[in-house]
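Undergrad: Everything in the sequence shown is counted per our numbering, starting at 5 for the first residue and increasing by one.
C-beta atoms are modelled at their ideal positions from N, C-alpha and C, and glycine is treated no differently.
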Amino acid sequence: METAAEALRLAIKMAGGPTKLAEALGITQGAVSQWKRCPAERCADVEKLTGISREALRPDVFR
Numbered sequence: 005m006e007t008a009a010e011a012l013r014l015a016i017k018m019a020g021g022p023t024k025l026a027e028a029l030g031i032t033q034g035a036v037s038q039w040k041r042c043p044a045e046r047c048a049d050v051e052k053l054t055g056i057s058r059e060a061l062r063p064d065v066f067r
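Below you can see the structure in the form of structure tokens.
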């Protein structure tokens with residue numbers, strides 16, 4: 005994976021789309037759709053749901 009944005013796009017795709025990811029996280033689809041980067045506080049949950057590492061999602065926070 006080249007960028008955090010690509011990692012986020014892949015995570016959303018692997019979750020079944022923004023609506024499915026939002027449902028799994030207990031937030032609105034609109035919130036997920038507005039993400040330019042995965043919020044750091046959501047990375048662990050996104051990692052558990054999709055297998056995309058938090059380091060890939062937010063390399064600026066997790067190294």
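State the Cα-Cα distance for the pair Ser-37 and Leu-14, rounded to the nearest angstrom.
TA: Approximately 13 angstroms between the Cα atoms of the pair.
Undergrad: Specify, as a first and last residue, the run of the alpha helix (DSSP H) that Ile-16 falls within.
TA: Ile-16 -> alpha helix (DSSP H) spans 8–19.
Undergrad: Once DSSP output is grouped into helix, strand and coil, what is the label at Thr-54?
TA: If DSSP states are grouped into helix, strand and coil, Thr-54 belongs with the helices.
Undergrad: DSSP on Asp-64, reduced to helix/strand/coil?
TA: Note: Asp-64 maps to coil in three-state DSSP.
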